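First the structure, in the form of structure tokens, and then the observations on it.
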Amino acid sequence: MARYKSYNYSQTVMLPVSLEDQLMPGTIEFAIHTLVEERMDVSRFDERYRNDETGCKAYNPKVLLKVVLLAYSRGIFTSRKIERTCKENVVFMALACGQEPDHSTIAPFVSSLQEEIVPLFRDVLLVCDEMNLLGGTEFALDGLKLPSNASKKWSGTIGNLKRRQEKLEEKVRQLLTAQIEADRKEEASQAEDEKRKRQAERLQKEAERIAKWLAEHEAKMGKQGREIQSNVTDNDSAKMVTSHGTIQGYNAQALVDEKHQVIMQGEASGSGQDHHHIPPVIDEAKENMKALGYDEDYFEGGTFTADSNYHSEENIKKCVEEGLDAYIPDKDFRSRDPRYEDLNERYKGKKERKYSAEDFTYDEERDRYLCPQGEELRCKAQKIRRPGGKLYRQYTGDPGYCGGCIAKRLCIRRKGGDRKHLLILVREEERNYSKEMIAKIDTERGRKLYPHRMAIVEPVFANIRTNKRLDRFTLRGKIKVNIQWLLYCMVHNIEKIANFSPEFAVV
Numbered sequence: 002m003a004r005y006k007s008y009n010y011s012q013t014v015m016l017p018v019s020l021e022d023q024l025m026p027g028t029i030e031f032a033i034h035t036l037v038e039e040r041m042d043v044s045r046f047d048e049r050y051r052n053d054e055t056g057c058k059a060y061n062p063k064v065l066l067k068v069v070l071l072a073y074s075r076g077i078f079t080s081r082k083i084e085r086t087c088k089e090n091v092v093f094m095a096l097a098c099g100q101e102p103d104h105s106t107i108a109p110f111v112s113s114l115q116e117e118i119v120p121l122f123r124d125v126l127l128v129c130d131e132m133n134l135l136g137g138t139e140f141a142l143d144g145l146k147l148p149s150n151a152s153k154k155w156s157g158t159i160g161n162l163k164r165r166q167e168k169l170e171e172k173v174r175q176l177l178t179a180q181i182e183a184d185r186k187e188e189a190s191q192a193e194d195e196k197r198k199r200q201a202e203r204l205q206k207e208a209e210r211i212a213k214w215l216a217e218h219e220a221k222m223g224k225q226g227r228e229i230q231s232n233v234t235d236n237d238s239a240k241m242v243t244s245h246g247t248i249q250g251y252n253a254q255a256l257v258d259e260k261h262q263v264i265m266q267g268e269a270s271g272s273g274q275d276h277h278h279i280p281p282v283i284d285e286a287k288e289n290m291k292a293l294g295y296d297e298d299y300f301e302g303g304t305f306t307a308d309s310n311y312h313s314e315e316n317i318k319k320c321v322e323e324g325l326d327a328y329i330p331d332k333d334f335r336s337r338d339p340r341y342e343d344l345n346e347r348y349k350g351k352k353e354r355k356y357s358a359e360d361f362t363y364d365e366e367r368d369r370y371l372c373p374q375g376e377e378l379r380c381k382a383q384k385i386r387r388p389g390g391k392l393y394r395q396y397t398g399d400p401g402y403c404g405g406c407i408a409k410r411l412c413i414r415r416k417g418g419d420r421k422h423l424l425i426l427v428r429e430e431e432r433n434y435s436k437e438m439i440a441k442i443d444t445e446r447g448r449k450l451y452p453h454r455m456a457i458v459e460p461v462f463a464n465i466r467t468n469k470r471l472d473r474f475t476l477r478g479k480i481k482v483n484i485q486w487l488l489y490c491m492v493h494n495i496e497k498i499a500n501f502s503p504e505f506a507v508v
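So the sequence shown is numbered by this note's numbering: it starts at 2 and just counts up by one.
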């Protein structure tokens, strides 16, 4: 007969644990512990408290900051999970010195770091600089689009939200009318009555929520001066198209130094388009380096790369003003690259070629253009300004002819358009930064340097999104989301310190 070792749960076991022995050199928990204790100025938190004479003692901000940073490094970002981990995981117990802060302490601590988060980020960046982890010669910028703690169904323009409110109120009226009719005929069961009542209450709450939001907010305007969609749950977030589909979220920017992929500046934005992101990111990065003791021209002469989403006059102009040797391609740069000639030819035949300006014949005597089908386009506007200071003349066709033309699909690009609008460039009044960048990207040096971006910035996002498991933001509002993003950037940089600095290596 088999014999087994006996066991009994009704017993007490004493487990001797040395807290310091759990924080081993060479680990990220040791790096977090040492940096927070010795290199990060947490005295900034003292002004928050007024309990020097009365009131309960507060958790030391050092303990809370250590616990949050270690939790983020392990992909734990909800306050309740962090609270539970502090009670179950011996490393977290050691880092918290046996204290057990609950979620109602952890969550407000993270959300309230608006004034302290940038100085704390700079403290870590200073350590990276002192340990020679910054190269200062080549930089790359990219954005990581992540869902926020908001729902897409609560998005829309002011008009859309008003119509939704009206539909909800109409649905409530229909439910109440149906209930009255059922009561009169005594047909509905008690279960059906309760279900209809709960549905009406839920829809009424949604309608009241939209009504309250509309009373407190105005239309949200985009960079082009047109109204864009607002969101009732988090109006700072925006709808963004990603490789994972359309999300309601934020575009988290990261400026990365090439030497060891250290993040020099991070910022969460509620704009899915990157056409305006370089100026604020560069300006904040300059402030970070000034706080470290560098001059205003820290980035001057450095190499800068970003993908085609950043190709705009505003972004390129900022790089020129900062003296950056920037490489930001336009969306068609690969079609001009001879290295992809075979690939371009393979796909070129699958697309029907649209008419371009070269397909139209100019009649100089009558100042007219003739389309490939022989119809006249007359000049309707002398000058039209476009980004970059370009001056155009606009020639327009007859809607009566263009609407029924057999070549309409090749000529009119705008969906639902009934006439051709041909823009002819007259001259460029201002410097065309975009055109200069296109010529720069097409050089041998441009084609050689641009791919460096992948090796600089993509590993950073892979580390944060995959290893640290940041697949969404749990907070609402740009300020709080930016705090969470900078905390993850700090964790990434601390990990670089732990991996490359002899001070934190295993002895």
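Ideal placement from N, C-alpha and C gives every residue a C-beta, glycine not left out.
What you are looking at is a predicted structure, and each value in this text was computed from that prediction instead of being measured.
Cutting at 6 Å between CB atoms, please list the residues of its own chain near residue i, excluding the five before and the five after it.
{"i": "ARG454", "result": "ALA141, THR306"}
{"i": "THR511", "result": "Residue 511 lies beyond the residue range present for the chain, which begins at 2 and ends at 508; the question has no answer from this structure."}
{"i": "VAL458", "result": "ALA141, ASP143, VAL257"}
{"i": "ILE439", "result": "ASP331"}
{"i": "GLY223", "result": "ILE229"}
{"i": "LEU411", "result": "LYS355, TYR356"}
On the DSSP letters alone, give me the boundaries of the alpha helix (DSSP H) that residue i sits inside.
{"i": "VAL482", "result": "479–501"}
{"i": "ASN289", "result": "279–292"}
{"i": "GLY401", "result": "400–403"}
{"i": "LEU20", "result": "20–23"}
{"i": "PHE78", "result": "PHE78 -> no alpha helix (DSSP H), and no H or E assigned at all."}
{"i": "PHE122", "result": "118–131"}
{"i": "THR35", "result": "29–35"}
{"i": "ARG410", "result": "409–412"}
Do residue j and residue i count as a contact pair if the criterion is CB distance below 8 Å?
{"i": "PHE110", "j": "LEU65", "result": "yes"}
{"i": "VAL68", "j": "ILE495", "result": "no"}
{"i": "TYR434", "j": "TYR328", "result": "no"}
{"i": "PRO460", "j": "GLN175", "result": "no"}
{"i": "ILE118", "j": "LEU487", "result": "yes"}
{"i": "SER74", "j": "VAL492", "result": "yes"}
{"i": "GLU259", "j": "GLY375", "result": "no"}
{"i": "ASN232", "j": "HIS276", "result": "no"}
{"i": "GLN166", "j": "ILE211", "result": "yes"}
{"i": "VAL18", "j": "VAL91", "result": "yes"}
{"i": "GLU519", "j": "GLU301", "result": "Residue 519 cannot be examined here, being either before or after the span of the chain that is shown, 2 to 508."}
{"i": "GLN249", "j": "SER156", "result": "yes"}
{"i": "ASP47", "j": "PRO120", "result": "no"}
Whose CA, out of the options, lies closest to the CA of residue i?
{"i": "LEU162", "options": "LYS221, GLU116, LEU411, ASP143", "result": "LYS221"}
{"i": "ALA253", "options": "ASN483, ASP22, LEU70", "result": "ASN483"}
{"i": "HIS422", "options": "LEU96, LEU371, GLY478", "result": "LEU371"}
{"i": "GLU219", "options": "GLN225, ASN236, GLU48", "result": "ASN236"}
{"i": "ALA1", "options": "TRP486, MET491, PRO503, LEU476", "result": "Examination of residue 1 is not possible in this model, given that the chain is present from 2 through 508 alone."}
{"i": "ILE279", "options": "ARG448, ASN310, ASP296, ILE107", "result": "ASN310"}
{"i": "LYS448", "options": "GLU376, ASP308, ASN316, LEU134", "result": "The sequence given here places Arg at residue 448; Lys does not occur at that position. The shortest C-alpha separation from ARG448 is found at ASP308."}
{"i": "LEU424", "options": "ALA408, ALA463, ALA382", "result": "ALA382"}
{"i": "GLY294", "options": "ASP130, LEU71, ASN52, VAL242", "result": "ASP130"}
{"i": "ILE159", "options": "THR13, LYS213, GLU365", "result": "LYS213"}
{"i": "LYS479", "options": "TYR363, GLU195, THR234, TYR60", "result": "THR234"}
{"i": "SER244", "options": "SER313, ASP296, ARG337, LEU145", "result": "LEU145"}
What does DSSP give as the partner residues of residue i in its beta bridges?
{"i": "ALA382", "result": "GLN395"}
{"i": "SER182", "result": "Per the sequence shown, the amino acid found at residue 182 is Glu instead of Ser. According to DSSP, which records beta bridges pairwise, GLU182 is partnered with nothing at all."}
{"i": "ARG428", "result": "LEU392"}
{"i": "GLN249", "result": "LYS240"}
{"i": "ILE211", "result": "Answer by DSSP bridge pairing: none, since ILE211 is not bridged."}
{"i": "SER7", "result": "Answer is none; SER7 lacks a bridge partner."}
{"i": "THR304", "result": "GLU139, ASP326"}
{"i": "LEU423", "result": "TYR396"}
{"i": "LYS221", "result": "ILE229"}
CB-CB under 8 Å to residue i, same chain, minus the five flanking residues each way: which ones, in chain order?
{"i": "ASP419", "result": "PRO400, CYS403, GLY404, ILE413"}
{"i": "GLU207", "result": "LEU169"}
{"i": "VAL173", "result": "ALA201, LEU204, GLN205, ALA208"}
{"i": "GLU116", "result": "ARG45"}
{"i": "ILE77", "result": "ILE83, THR86"}
{"i": "TYR341", "result": "ARG335"}
Please work out which residues of its chain come closer than 7 Å, Cβ to Cβ, to residue i, disregarding the five sequence neighbours upstream and downstream, and give them in chain order.
{"i": "LEU426", "result": "LYS391, TYR393"}
{"i": "TYR251", "result": "LEU147, SER149, SER238, ALA269, SER270, GLY271, PHE474, VAL482"}
{"i": "ALA95", "result": "LEU20, GLN23, LEU24"}
{"i": "VAL282", "result": "LEU142, GLN254, LEU256, GLN266, GLU268"}
Since residue i is in the beta strand (DSSP E), which residue starts that stretch and which ends it?
{"i": "THR444", "result": "Where THR444 is concerned, there is no enclosing beta strand (DSSP E), given that its DSSP letter is neither H nor E."}
{"i": "SER309", "result": "Counting along the chain, SER309 falls outside any beta strand (DSSP E), and DSSP gives it neither H nor E."}
{"i": "SER270", "result": "264–270"}
{"i": "PRO148", "result": "139–148"}
{"i": "THR362", "result": "362–364"}
{"i": "ARG470", "result": "From DSSP, ARG470 is part of no beta strand (DSSP E); its letter is neither H nor E."}
{"i": "LEU371", "result": "369–371"}
Would you say residue i reaches chain B, if we count a Cβ-Cβ gap shorter than 8 Å as a contact?
{"i": "GLY137", "result": "Note that chain B does not occur in the displayed structure, where there is just one protein chain."}
Give a single yes or no on whether residue i has its beta carbon closer than 7 Å to a heavy atom of the ligand NAD.
{"i": "LEU471", "result": "Ligands in the displayed structure: none, and consequently the ligand NAD is not present."}
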